[in-house]
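*Asks:*
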Amino acid sequence: MKIMAVNAGSSSLKYQLLEMPSEFVISSGVIERIGIKDSIFSIKYNGKKVKDTLNIETHKDAVDMLLRKLGELKIVNSLDEIEAIGHRVVHGGEKFKDSVIITQEVIDAIEEVSDLAPLHNPANLTGIKAFSTALPNIPTVAVFDTAFHQTMDPVAYMYSVPYEWYTKYGVRKYGFHGTSHKYVSQRAAKMLGKDIKDTKLIICHIGNGASLCAVDGGKSIDTSMGFTPLAGIPMGTRSGDIDPAIVQFISEKEKKSLDEVIDDLNKKSGYLGLSGFSSDSRDLWDAVASGDKKSILAVQKQAKIIADYIGAYYLTLGRCDAICFTAGIGENASETRKLVVDKIKALGVVLDKKKNAHQSEEMIISTKRSRIKILMIPTNEEVMIARDTVRLIT
Ligand code: ADP
Numbered sequence: 391m392k393i394m395a396v397n398a399g400s401s402s403l404k405y406q407l408l409e410m411p412s413e414f415v416i417s418s419g420v421i422e423r424i425g426i427k428d429s430i431f432s433i434k435y436n437g438k439k440v441k442d443t444l445n446i447e448t449h450k451d452a453v454d455m456l457l458r459k460l461g462e463l464k465i466v467n468s469l470d471e472i473e474a475i476g477h478r479v480v481h482g483g484e485k486f487k488d489s490v491i492i493t494q495e496v497i498d499a500i501e502e503v504s505d506l507a508p509l510h511n512p513a514n515l516t517g518i519k520a521f522s523t524a525l526p527n528i529p530t531v532a533v534f535d536t537a538f539h540q541t542m543d544p545v546a547y548m549y550s551v552p553y554e555w556y557t558k559y560g561v562r563k564y565g566f567h568g569t570s571h572k573y574v575s576q577r578a579a580k581m582l583g584k585d586i587k588d589t590k591l592i593i594c595h596i597g598n599g600a601s602l603c604a605v606d607g608g609k610s611i612d613t614s615m616g617f618t619p620l621a622g623i624p625m626g627t628r629s630g631d632i633d634p635a636i637v638q639f640i641s642e643k644e645k646k647s648l649d650e651v652i653d654d655l656n657k658k659s660g661y662l663g664l665s666g667f668s669s670d671s672r673d674l675w676d677a678v679a680s681g682d683k684k685s686i687l688a689v690q691k692q693a694k695i696i697a698d699y700i701g702a703y704y705l706t707l708g709r710c711d712a713i714c715f716t717a718g719i720g721e722n723a724s725e726t727r728k729l730v731v732d733k734i735k736a737l738g739v740v741l742d743k744k745k746n747a748h749q750s751e752e753m754i755i756s757t758k759r760s761r762i763k764i765l766m767i768p769t770n771e772e773v774m775i776a777r778d779t780v781r782l783i784t
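Numbered according to the numbering used here, the sequence shown spans residues 391 to 784.
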């Protein structure tokens, strides 16, 4: 059964076409710069890569072109072979606690929570609508980044602010990266040879965006991102947690609007803000190697906050079977993993130096002596989308 997993952004559209249940990736690709001059279209299939630069005006054009290419390149013999489409949707608010088959009601509900994710949800919806127009007769499923965290208790998700902010406007912690946290916790349980119900895990999803999650028995009980993805640990360009009074202070000092200050916290902070030159972990580690003090501060600061969260989640969970590293940095940057583990030595964790030098492999990277196992697990959100799609349509 062929399933398409789609992630539509405001100017991009990523997809994977998977054979299920084997989870074999038949083809993957991305269309970037939609609606901007010189759109880039790249497709991988059969060990081959096709890349093209052309003007693609709308998501609808992007979808039409993608479907045409799938036929032309003989990736599918007929579009009827695609049995369903799973769409990533960033925000499901409190309404969606699991993935759902998309109906008009679901579209309306996603629109309703769009003020909670004004950059993401409308873009996700554009992708949903474009595919539904092109392939109107097949089921489509929405997989929400927030759904996995809907198991949190109010003590974890409520902020200590006037209660009406929650009842009137939905101000609470939602958490994101849920699809990744869920995938990694399932893999971790397999690697540990345990029923997921008996596992207590801390997942560190550290990519350009980054969040930690405490997972008890397969359920999220706390996570570091909040009402928006700005909260939690410092990221590529996001600040993570700061004193909110800074927002007003900088707004006055720099004569910036609140929007502009929040934009600085989203786009000019984190690695980029402290290093002053890059949001990319590879650049920072190169600079660290040549002794750049600001880059050293940037990576140390992030590692400290990750370690602080791990400490807190360890106490929340009561014990921990494994700390899992995933996403671009978690999977690849051995240096970051080492920095974090050095800061949580009090938990009795011991990293195996040789194993930690590996990248992007599913493996245990702690020594036998380590009281908590440390796992490196490449995340796979597309597979999770495809699995949920199959679960809901069959
Ligand atoms: P997102 O999906 O949030 O955009 P990713 O999960 O792709 O981000 O992670 C991007 C980050 O991963 C970048 O900071 C990049 O430098 C880092 N990264 C990727 N490969 C490596 C590597 N080999 N060593 C260190 N960092 C890496």
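We treat Cβ as the ideally placed atom computed from N, Cα and C, and that holds for glycine. Values in this document were obtained by computation on a predicted structure and should not be read as measured data.
Tell me the residue span of the beta strand (DSSP E) that contains Q406.
*Replies:* As a first step, residue 406 is located in the sequence shown; it is residue number 16 there, counting from the start. Unbroken beta strand (DSSP E) run through Q406: 403 to 409.
*Asks:* Strictly by DSSP, which residues pair up with S614?
*Replies:* Here residue 614 refers to the residue found at position 224 when the sequence shown is read from its first residue. Looking at the DSSP assignment, S614 forms no beta bridge with any residue, so it has no partner.
*Asks:* Note down, in chain order, each residue of its chain lying with its Cβ closer than 6 Å to the Cβ of E725, except the 5 sequence neighbours on either side.
*Replies:* Numbered from its first residue, the sequence shown carries residue 725 at position 335. Closer than 6 Å at the Cβ level, and outside the excluded window around E725, lie W675.
*Asks:* Buried or exposed for I700, going by 16 or more other Cβ atoms inside 10 Å?
*Replies:* What you label residue 700 is simply residue 310 of the sequence shown in a count that begins at 1. By the neighbour-count rule (16 or more Cβ atoms within 10 Å), I700 is buried.
*Asks:* Please list the terminal residues of the continuous alpha helix (DSSP H) segment that includes N514.
*Replies:* Within the sequence shown, the letter at position 124 stands for residue 514. Segment 511 to 524, the alpha helix (DSSP H) holding N514.
*Asks:* For H481, name the three-state secondary structure that DSSP assigns.
*Replies:* If you number the sequence shown from 1, residue 481 lands on position 91. Here H481 sits in coil by DSSP.
*Asks:* With H, G and I counted as helix, E and B as strand and the rest as coil, what does DSSP make of M394?
*Replies:* Along the sequence shown, read from residue 1 onward, the residue named residue 394 stands at position 4. It is a strand residue.
*Asks:* As an exercise, report each continuous beta strand (DSSP E) stretch of at least 3 residues that is fully enclosed by the segment 564 to 607, in chain order.
*Replies:* Qualifying beta strand (DSSP E) stretches, in chain order: 590 to 596, 600 to 606.
*Asks:* Within the 8 Å Cβ cut-off, does K450 reach chain D?
*Replies:* Among the chains in the structure shown there is no chain D, since it carries only a single protein chain.
*Asks:* Judging by CA-CA distance, which residue of K450, K691, I433, H449 is the nearest neighbour of D442?
*Replies:* The residue you call residue 442 lines up with position 52 of the sequence shown. Of K450, K691, I433, H449, the residue nearest in Cα terms is I433.
*Asks:* Quick check on T536: does DSSP put it in helix, strand or coil?
*Replies:* Walking along the sequence shown from the start, residue 536 turns up at place 146. Coil.
*Asks:* Could you tell me if the beta carbon of R672 falls within a distance shorter than 7 Å of some heavy atom in the ligand ADP?
*Replies:* For the purposes of this step, residue 672 is taken as residue 282 along the sequence shown, with counting starting at 1. Indeed, a heavy atom of the ligand ADP lies less than 7 Å from the Cβ.
*Asks:* Where does F639 sit, in a helix, a strand or coil, going by DSSP?
*Replies:* By one-based count along the sequence shown, residue 639 stands at place 249. Correct three-state label for F639: helix.
*Asks:* Which class does D670 belong to by DSSP, given the choice of helix, strand or coil?
*Replies:* Translated into the one-based positions of the sequence shown, residue 670 becomes position 280. In this structure, D670 counts as coil in the three-state DSSP scheme.
*Asks:* Less than 8 Å between the CB atoms is what I'm expecting for V533 and V496, so what's the real figure, rounded?
*Replies:* Taking the sequence shown and counting its residues from 1, one reaches residue 533 at position 143. Taking the sequence shown and counting its residues from 1, one reaches residue 496 at position 106. Actually they are not in contact, since the Cβ atoms of V533 and V496 sit about 12 Å apart, beyond 8 Å.
*Asks:* Going by C-alpha to C-alpha distance, which of M455, M391, F521, E752 sits closest to S429?
*Replies:* In the sequence shown, the residue the question calls residue 429 occupies position 39. Per the Cα distances, M455.
*Asks:* Tell me which residue opens and which closes the alpha helix (DSSP H) that T706 is part of.
*Replies:* Translated into positions along the sequence shown, residue 706 becomes position 316. T706 -> alpha helix (DSSP H) spans 683 to 707.
*Asks:* Does the Cβ-Cβ distance between N598 and M615 come in under 8 Å?
*Replies:* Locating residue 598 in the sequence shown gives position 208, where the first residue counts as 1. Locating residue 615 in the sequence shown gives position 225, where the first residue counts as 1. Going by C-beta atoms, N598 is not nearer than 8 Å to M615.
*Asks:* Is it buried or exposed, S680, if we count other Cβ atoms within 10 angstroms and call 16 or more buried?
*Replies:* For the purposes of this step, residue 680 is identified with residue 290 of the sequence shown, where counting begins at 1. Burial call: exposed.
*Asks:* How is the beta strand (DSSP E) around V420 delimited, first residue to last?
*Replies:* Residue numbering aside, residue 420 sits at position 30 when the sequence shown is read from its first letter. Run containing V420: 414 to 422, per the beta strand (DSSP E) assignment.
*Asks:* Taking the alpha-carbon positions, what's the G399 to D653 distance?
*Replies:* Position 9 of the sequence shown, counting from 1, holds the residue named residue 399. Position 263 of the sequence shown, counting from 1, holds the residue named residue 653. Rounded to the nearest angstrom, the two C-alpha atoms are 18 Å apart.
*Asks:* Tell me, which residues are paired with S756 by DSSP?
*Replies:* By one-based count along the sequence shown, residue 756 stands at place 366. In DSSP, S756 forms a bridge with L741.
*Asks:* Over the uninterrupted beta strand (DSSP E) stretch that includes S647, give me the two end residues.
*Replies:* Position 257 of the sequence shown holds residue 647. Where S647 is concerned, there is no enclosing beta strand (DSSP E), given that its DSSP letter is neither H nor E.
*Asks:* Please list the terminal residues of the continuous beta strand (DSSP E) segment that includes K790.
*Replies:* A query on residue 790 cannot be resolved here, the shown segment of the chain reaching from 391 to 784 and no further.
*Asks:* Flag this pair as yes or no: are the beta carbons of I767 and T716 separated by less than 8 Å?
*Replies:* Within the sequence shown, the letter at position 377 stands for residue 767. Within the sequence shown, the letter at position 326 stands for residue 716. It is a contact, given that the beta carbons lie within the stated cut-off.
*Asks:* What do you reckon, are the CB atoms on I623 and G607 nearer than 8 Å?
*Replies:* In the sequence shown, the residue the question calls residue 623 occupies position 233. In the sequence shown, the residue the question calls residue 607 occupies position 217. No, they are not a contact pair.
*Asks:* Only counting the same chain, and skipping five residues up and downstream in sequence, which positions put a Cβ closer than 6 Å to that of K609?
*Replies:* In the sequence shown, counting from the first residue as 1, residue 609 sits at position 219. Cβ within range, chain order: T541.
*Asks:* Is there at least one non-hydrogen atom of the ligand ADP closer than 7 Å to the beta-carbon of I719?
*Replies:* Working through the sequence shown from its first residue, we reach residue 719 at position 329. Answer for I719: yes, Cβ within range of the ligand ADP.
*Asks:* When the distance is taken between beta carbons, is A524 closer than 8 Å to I611?
*Replies:* Residue mapping note: residue 611 aligns to position 221 of the sequence shown, counting from 1. Residue mapping note: residue 524 aligns to position 134 of the sequence shown, counting from 1. In this structure, A524 does not lie closer than 8 Å to I611 by Cβ.
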